[in-house]
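>
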Amino acid sequence: MSHPVSQSADKVIDHMTLFRQPEYKELFERKKVEFEFGHSDEKVAEVSAWTKTKEYQEKNFAREAVTINPTKACQPIGAMFAAQGFEGTLPFVHGSQGCVAYYRTHLTRHFKEPNSAVSSSMTEDAAVFGGLNNMIDGLANAHSLYKPKMIAVFTTCMAEVIGDDLGGFIQNAKNKESVPQDFPVPHAHTPAFVGSHITGYDNMMKGILSYFWAKEEDFETPKTQSINIIPGFDGFAVGNNRELKRLFGLFGIDATILSDVSDNFDTPADGEYRMYDGGTTLEATKAAQHAKATISMQEYNTTQTLQFCKEKGQDVAKFNYPLGVAATDELLMKLSELTGKAIPAELRLERGRLVDAVADSHTHLHGKRFAVYGDPDFCLGMTRFLLEMGAEPVHILSTSGSKKWEKQVKKLLDGSPFGKNGAAYGGKDLWHMRSLMFTDPVDYLIGNSYGKYLERDTKTPLIRLTYPIFDRHHHHRYPTWGYQGALNVLVRILDRILEDADRQTDEVGKTDYSFDLIR
Amino acid sequence: MSLSVNQGVDLKGLVDSVLEAYPDKSRKRRAKHLNVLEAEAKDCGVKSNIKSIPGVMTIRGCAYAGSKGVVWGPIKDMIHISHGPVGCGYYSWSGRRNYYIGDTGVDSWGTMHFTSDFQEKDIVFGGDKKLHKVIEEINELFPLVKGISIQSECPIGLIGDDIEAVARAKATEIGKPVIPVRCEGFRGVSQSLGHHIANDTIRDWIFEKTEPVPGFESTPYDVTIIGDYNIGGDAWSSRILLEEIGLRVIAQWSGDGTLAELENTPKAKVNLIHCYRSMNYIARHMEEKFGIPWMEYNFFGPSQIAESLRKIAALFDDKIKENAEKVIAKYQPLVDAVIAKYKPRLEGKKVMIYVGGLRPRHVVDAYHDLAMEVVGTGYEFAHNDDYQRTPHYVKEGTLIYDDVTAFELEKFVEAIRPDLVASGIKEKYVFQKMGLPFRQMHSWDYSGPYHGYDGFAIFARDMDMAINNPVWGLTKAPF
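Keeping their order, the protein sequence lines are chains B and C. At position 328 of the first sequence the residue is numbered 328 (full-length UniProt numbering), and the sequence of numbers has no breaks. At position 39 of the second sequence the residue is numbered 39 (full-length UniProt numbering), and the sequence of numbers has no breaks.
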C-alpha cells in the first residue's frame, strides 16, 4: 500500500488539505468497506431524503421526550455570567467540578478570553453527607488564593438534588472563618432542571441584589435620579454594554449597569494577566437600591429580579433585546421619560443615519425570508428589526420560549404585512428547525455557531448574531443594540446576502451576467 | 542537548513560595502533588488520582466528560443520550473535534446533541419513563442508528433511576444494543473514572451481549488502534502508517469508530494503545479474557514513530519488519526537511506542558526532535502508572505538577517564563495576555493531525507559528 508522500516541509498541509489527498481518500474507503459494516449508500440516501419530507416533520414535531440540538444551556452558566459582571467577583459553583470546567470552556470559546470560576468539587462522599465541608474549605481556599472582593455562590444540579442549604452553609463557613463575617458571599439556587441559562442569570442577579439591598437601615432612604440597567445574558455584551455607556454619556444620565462584563471579558494583551477587570463596583451595586428605576434589556432574563426591584419601590421597564430603529426609539424615550432629560440631538442624527443606511440597502432585504433562533429576547429583537427592513421572518424558534413568548412573537408578526408567513416555535429545538427549513425553505438563517450544521444540511447561509459564536472571531466586540448596533447588524446581514449573491453568480461562461460590480 | 533542565533555577524555592498562599490544610495536601524530577527517578514523586481540593480552580472535568466526551461520544453510528438536565450535553456538543466521515443526522450523529432535558418532575418522579420514550423516539426518527448509549448525568445516580432495566427492555424491543453508562459527574475525582466506567460498559454490554454482523474475515495482520480519538484526524494519520507496513486496522477506538469495529475488536492479533490512561482497562480485559496482547506506542515525532513502528513490526513476521524499515526510510526525507526548516527557529526553546491523558509525556520527544526543551509537565487526571512512565521522557530538573490549580500554573509560568505554554482552552488566554506563546494541546488549537509523519510536519509548523509570531513583540507600548 505504498503511495507518494503528500506532506511537505515547504508547504505544510493540515487537515483541511491533507485528508483530501488520494492516499487518505483510499484509506477512508477501505475503512468503510472492510470494517464499518454500515448501511448501503442507497439506504442512506433514501433515509436522508425521507428526513427532509413533510411526513418526517410530523413525526419530528410529535416528539415528547427527546431534545435534539436545543438552543439553551443550563442555569449555572447564566448565573456565572451574571456574577462575572461585578467588580472582583469570583463565581463559586457548589456541586460537581466538571460543570465548572464546561462553563468556563464555553464562555472562553466565545469571548476568546480567560474565564475564572471555582468549584466546591463535590464527589461521592459529599453526595451522601452533603457538601458542607466542601463549602467551608472551598471558600477558604478561594479567598486565600484568588483574593476576590466578592464570592458569588450558586449550584450545580447535584447539590440541588441532595438539597444542600446554601445560606446555612455559607454562614457556617463564615463561622469557621473561611472568609470574614462581613465578606460578601451572595448566593442563588440554580437547578439545571428548571428553566435555562437565562433563568440562572435572573436568579443570581436577584441573589446579589438581595444581598446588598437587604439592609434594614437603607430602606427609608429616598430614591435618587439614578437608573439601573440590567443587560441580561448577551454574547455581544462587550460591545453592547459599552454602547449603553456611550448613550448614557450623551444623555448625561447617572446610570448603573448591573453586571457589566464588558471589561472583564475584554482585557488587553499588555503583558499582564488580569483575573478580574472592571465590572459594577460593589458600592454602586449597593447604591443601586435607591435608584429611581431599573430597566431590563432582556425581559426573559429578569422576571424575578424586576419583581424584586418593584418591591423595593423602583419603577421598572423591560425590553426585548433592543435591536433596530423602533426598539431603540423606545429605549431612548423611556430613558428620557424616567430622567426628564431630552434625547440628545446627536442620537437623533444617529437615528437618521441608520434609517438612511436601511433605505440605501432595502432592495437587498425586501421580501427575503429568514429563520431566526436563539434566546427568547434575541428572537423578539431580531424579528422586529427584520420586519422594519421589509424582510420576512418565517421560522422563529427558541427552546427557552414559552407560550407567552409565542404570543409576543405573533403580535409582532401580526403588526406587519411582512410577518404574514411567520410563526413562533417555543420549546422546540434545532432538529425541528431542520424540518421547517426543508419543508418551508428560507433564504437566510440567523443564529449562532451551532447553526452551521443547518447551513450545511439545507444550504441556507447562516448569519451568526447570537451566543455562542465559536467559529468566527471578535464580533462580540461590536454592539448590536442602539442605532449603532443596528447598523452593525444590518452590515453583517447585508454582507452575507451580497457574498451569497456573488457566490451564486461566479461561474464564468454561465452566470457572468449577474456577477455585478455594483450592487 | 543537556541531560537536565532548569539548571540554576531554584524550583524547590518556587514551589514553596507558591504553596505559601494556601491555608495550612490545603498547603499540605497540594505539596504532595508538586515536585522537581530527580536523576534516575522511578516515578515523578507526586501523588495523583486524588480528589481535587474545593475552591482552588482545578482544570479537571468529570466522569461524564470522560465517558460521553471521550470514550463513547466519537462512536459515530450510535446515538449517545446525555441523560439528565440539558447542560452537560450542550457544553460538550461538538467540542472535541473527533473527526469522522458520515451523513450526520442520517447514519452518523457525532456532532449532534441528544438529551432527555430533565425537568423538575423528572427529578421528583424519576426519569425512567421518559428514557423509554426518548429511546423510542430516537429509533423512530433515526432508523439507521446502530445502537444507543445512555450517558448518565449527576441526578441519575442520586434519584435512584434504574437505567439498566430500561436499557435491557429497550434493547430487546428495538433489537439494537442499548448501553447504560453510570458516568455521573460526581463519581470519582476526574474524567478518569469516566473512561474506566465507559470501558467496562463496552466490555459488559457489547462484548458480552452483542453479536457482530457476519462477514468479517480475519487475517494474521489484524491490529486495532485503541485510545485515539481522531482529534483533527490523528487516528487517520496513524492508521495510514500501520496500513503501509502491511497491517490491517480492524477497529479504531473510538475516533471515527463504529459499533461493528467495537464488536470485532476481540478478533485482533494485537491491540495497539495510544492513550493508555483512557483505555488500558479494555486492553487488559481482552488480554485476560481472549489472550490478545497489547502494546503501547507513540506516534508523536519521528524518533518515537520510528521506535514504535519497529516495536509493532517486531510482533509480526519479517515481511512486516522489512516494511517498517521501508516506511521509516520513505518518510526520512520529509522528517529531515521538517527538522531542517524548523529546528533553527525552535532550538533551545523552553516548553511547559499541562494536559491530560497521554500527552504530558507522549509529546515530549516530538519537542526534543525539534531541539526544544520541556521544563515542566503535569497531568490533569493521571494515576501512578502514568507518573512511572514519565521519567522515560523528561529530564532531571523538570517541574512536575499534578492536578495543577490555575493559581499554581500561573505562578510557575510567571517565574519560569517558558517560550511556549502547551495546555488547554481555559489556560490559553491567561498566558497570551502575559505575552507568552501558547498552543492548545487538547484540540491542537483547531489544527492537526499531530500523529504520524504527516502530523509531525503540522506540529512543527504550529509550534513555530506560535513562538515566532510577531504579535508577542507588540505587547509593550513604546510610550
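For every residue, glycine included, the Cβ atom is placed at its ideal position computed from N, Cα and C. As the structure is a prediction and not an experimental result, all values here were calculated from the model.
1) Quick check: the Cα distance between aspartate 502 (chain B) and threonine 328 (chain B), rounded to an integer number of angstroms?
2) Which of the three DSSP states, helix, strand or coil, is assigned to serine 321 (chain C)?
3) Contact criterion: CB-CB distance below 8 Å. Does asparagine 162 (chain B) meet it with respect to chain C?
4) Nearest by alpha-carbon distance to glycine 127 (chain C): which of C:Met441, C:Ile458, C:Glu164 and C:Trp93 is it?
5) Within 8 Å, do at least three Cβ pairs link the region 301-309 of chain C to the region 408-416 of chain C?
6) Mapping DSSP to helix, strand and coil, what is histidine 110 (chain B)?
7) When Cβ atoms are compared, which residues of the region 69-85 of chain B fall closer than 9 Å to chain C?
8) For methionine 57 (chain C), would you say it is in contact with chain B, using Cβ-to-Cβ distances shorter than 8 Å as the test?
9) If the cut-off is 8 Å on Cβ atoms, which residues from the region 346-357 of chain B count as contacting chain C, listed in chain order?
10) Which partner residues does lysine 318 (chain B) have in the DSSP bridge list?
11) Answer yes or no: do serine 119 (chain B) and tyrosine 22 (chain C) have a C-beta to C-beta separation smaller than 8 Å?
12) To the nearest angstrom, how far is the alpha carbon of aspartate 260 (chain B) from that of aspartate 266 (chain B)?
13) Roughly how many whole angstroms lie between the Cα atoms of glycine 252 (chain B) and methionine 150 (chain B)?
14) Relative to chain C, which residues along the region 113-128 of chain B have a C-beta separation below 8 Å, given in chain order?
15) For the region 185-267 of chain B, which segments carrying the beta strand (DSSP E) assignment without a break, of at least 3 residues, lie completely within its bounds, in sequence order?
16) Taking buried to mean at least 16 other C-beta atoms within 10 Å of its own C-beta, is glutamine 307 (chain B) buried or exposed?
17) What first and last residue would you give for the beta strand (DSSP E) that runs through phenylalanine 459 (chain C)?
18) Could you tell me which of C:Tyr276, C:Glu208 and C:Lys176 sits nearest to isoleucine 225 (chain C), measuring between CA atoms?
19) Closest Cβ-Cβ distance between phenylalanine 61 (chain B) and chain C: below 8 Å?
20) Taking Cβ to Cβ, would you say isoleucine 79 (chain C) is nearer than 8 Å to phenylalanine 114 (chain C)?
21) Give the DSSP bridge partners of tryptophan 294 (chain C), in chain order.
22) Tell me which same chain residues have a C-beta within less than 6 Å of the C-beta of aspartate 445 (chain C), skipping the five on either side of it?
23) So is arginine 182 (chain C) in contact with chain B if we call contact Cβ pairs under 8 Å?
24) Quick check on valine 66 (chain B) - is its C-beta less than 8 Å from some C-beta in chain C?
25) Starting from the C-beta of arginine 104 (chain B), find all residues in its chain whose C-beta is less than 7 Å away, skip the five residues before and the five after it, and write them out in chain order.
26) Mind checking leucine 3 (chain C): buried by the 16 CB within 10 Å criterion, or exposed?
27) Along chain B, which residues have their Cβ under 8 Å away from the Cβ of lysine 476 (chain C)?
28) With distances taken Cα to Cα, identify the nearest neighbour of valine 372 (chain B) among B:Cys74, B:Leu454 and B:His187.
29) Where do the N-terminal and C-terminal ends of the beta strand (DSSP E) with tyrosine 401 (chain C) fall, by residue?
30) From this set, B:Leu498, B:Asp414, B:Ser226 and B:Pro376, which residue's C-alpha is nearest lysine 341 (chain B)'s C-alpha?
31) Roughly how many angstroms separate the alpha carbons of glycine 85 (chain B) and threonine 280 (chain B), rounded to a whole number?
32) What's the gap between the Cα of serine 48 (chain B) and the Cα of valine 338 (chain C)?
33) Taking the straight line between their C-alpha atoms, what separation do you get for arginine 353 (chain B) and glutamate 388 (chain B)?
34) So which residues on chain C does leucine 27 (chain B) lean against when the C-beta distance must stay under 9 Å?
35) Looking only at its own chain, which residues have a Cβ that is under 7 Å from the Cβ of aspartate 161 (chain C), when we skip the five neighbours before and after it?
36) Could you say if the region 133-147 of chain B and the region 448-455 of chain C meet the contact criterion of at least three C-beta pairs nearer than 8 Å?
So, to answer that:
1) 32 Å
2) Correcting the residue type first, residue 321 (chain C) is lysine in the shown sequence and not serine. Reduced to three states, the DSSP call for lysine 321 (chain C) is helix.
3) Note that residue 162 (chain B) is isoleucine in the sequence shown here, rather than asparagine. So, interface residue.
4) C:Glu164
5) no
6) helix
7) Asn69, Pro70, Lys72, Ala73, Cys74, Gln75, Pro76 and Ile77
8) yes
9) Using a CB distance below 8 Å, no part of the region 346-357 of chain B faces chain C.
10) DSSP, once it has assigned bridges, lists B:Ser296 as partnering lysine 318 (chain B).
11) No.
12) 11 Å
13) 30 Å
14) Glu113, Pro114, Asn115, Ser116, Ala117, Val118, Ser119, Ser120, Ser121, Met122, Thr123, Glu124, Ala126 and Ala127
15) 227-230 and 255-257
16) exposed
17) No beta strand (DSSP E) contains phenylalanine 459 (chain C), which is instead part of the alpha helix (DSSP H) from 452-467.
18) C:Tyr276
19) no
20) yes
21) C:Asn271
22) Arg439
23) no
24) Valine 66 (chain B) counts as touching chain C.
25) The beta carbon of arginine 104 (chain B) sits closer than 7 Å to those of Asn115 and Ala117, all from its chain and outside the five residues before and after it, given in chain order.
26) exposed
27) Asp270 and Gly271
28) Comparing Cα-Cα distances from valine 372 (chain B) to each of B:Cys74, B:Leu454 and B:His187, the minimum goes to B:Leu454.
29) 399-401
30) B:Ser226
31) 6 Å
32) 44 Å
33) 15 Å
34) Trp236, Arg239, Ile240 and Glu243
35) Gly126, Gly127 and Asp128
36) no
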